[in-house]
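J.:
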Amino acid sequence: MSPDAPADPSRQPVTDPLNPPLPTADAAYWEAAAASFDEEPDHGLRAPAVRSAWAARLRSWLPAGPAAVLDLGCGTGSLSLLAAEQGHRVTGIDRSARMIERARTKLAGRDAAFLVGDAAEPPVGERRFDVVLVRHVLWALPDPAAALRHWAGLLTPGGRLVLVEGRWGEADPIGLPAGELTTLVEPLAVRTRVESLAHDPVLWGKEVADERYVLIVDLPLSACHASATANSRM
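So in numbering that gives the first Met the number 0, the last spot in the sequence shown is 233, and the numbers never skip.
#1: Take A67 as the anchor and find which of I99, A83, K205 has the nearest alpha-carbon.
#2: By how many angstroms is the C-alpha of A26 removed from the C-alpha of P65?
#3: Quick test of the definition: if touching needs 3 or more C-beta pairs under 8 Å, does the stretch 90–99 touch the stretch 39–57?
#4: How long is the line joining the alpha carbons of R126 and R148, rounded to whole angstroms?
#5: Threshold first: 3 residues or longer. Then list the beta strand (DSSP E) segments lying entirely within the stretch 168–196, N to C.
#6: Quick one: which unbroken alpha helix (DSSP H) runs of 4-plus residues sit fully inside the stretch 109–164? Chain order, please.
#7: Are the beta-carbon atoms belonging to F128 and S79 less than 9 Å from one another?
#8: Going by alpha carbons, who is nearest to V171 out of D209, G116, L183?
#9: Ignore the nearest five residues each way along the sequence and tell me which others in W60's own chain have a CB closer than 7 Å to its CB.
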């Protein structure tokens with residue numbers, strides 16, 4: 000998903016003349032956008048340099064060994080493909096059936112599965128994952144804190160949230176600042192790390208001046224540890 004098209008139709012377009020308006024986006028919008036979604040450099044990762052930059056970042060964010068990765072708001076599966084190429088088992092979720100169709104085609108023959116569903120409450124049943132990977136989705140959900148709690152419950156003990164987010168626009172900015180998101184995940188985490196992504200134009204196919212980052216969130220190895228950590232912060 001991209002900040003150029005928010006998932007939440009209640010979001011208002013940015014009116015800053017230095018930034019193009021953001022279209023409101025419902026399910027029909029994403030269905031229509033699927034055909035051209037990969038044309039954005041950071042969506043399709045078609046340019047070798049952009050693809051290589053994202054692959055290197057992803058390798059540093061994901062576990063070294065094969066892991067079960069849940070890619071929420073996966074779009075056409077570009078990050079899912081990179082993860083699969085690095086040996087991980089990927090499950091992708093997106094609200095758009097056409098996006099999912101393109102992701103399935105892109106990862107045909109690989110250890111990956113794709114489902115149509117809500118990123119906030121992915122339809123994965125009792126399955127548990129080593130990593131939940133989310134790019135430019137959380138900021139547009141109506142209740143980010145609730146989504147984070149739900150995603151944490153989908154992780155194995157000691158699992159990891161990889162949250163690529165940002166704050167875009169100047170006069171009327173939208174998104175989640177790194178500090179705000181860090182506060183939201185604190186009750187869940189034993190360790191967090193913020194890595195700025197704004198200074199690397201290769202990732203985006205252009206220079207950017209707004210806030211873009213990844214927040215790596217490591218969860219406790221046991222429920223008892225999580226409860227003790229939460230109580231210590233009350």
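By construction, the Cβ of each residue, glycine as well, lies at the ideal position given by its N, Cα and C atoms.
T.: Looking at the atomic coordinates:
#1: Sequence index remark: in the sequence shown, residue 67 carries index 68 (1-based). It is A83.
#2: Counting from one through the sequence shown, the residue named residue 65 turns up at place 66. Counting from one through the sequence shown, the residue named residue 26 turns up at place 27. If I take the Cα positions, the gap works out to 33 Å.
#3: Verdict: no, contact absent.
#4: As a position in the sequence shown, residue 126 is number 127, starting the count at 1. As a position in the sequence shown, residue 148 is number 149, starting the count at 1. Roughly 16 Å between the two C-alpha positions.
#5: Fully enclosed beta strand (DSSP E) runs of 3 or longer: 190–195.
#6: The stretch 109–164 contains these whole alpha helix (DSSP H) runs: 143–152.
#7: On the sequence shown, residue 128 is found 129 positions in, with the first residue counted as 1. On the sequence shown, residue 79 is found 80 positions in, with the first residue counted as 1. No. Outside cutoff.
#8: Numbered from 1 along the sequence shown, position 172 holds the residue referred to as residue 171. Note on identity: in this sequence residue 171 is Asp, with Val being the wrong assignment. Answer by Cα proximity: D209.
#9: Taking the first residue of the sequence shown as position 1, residue 60 is located at position 61. Closer than 7 Å at Cβ, skipping near neighbours: V161, V213, I215.
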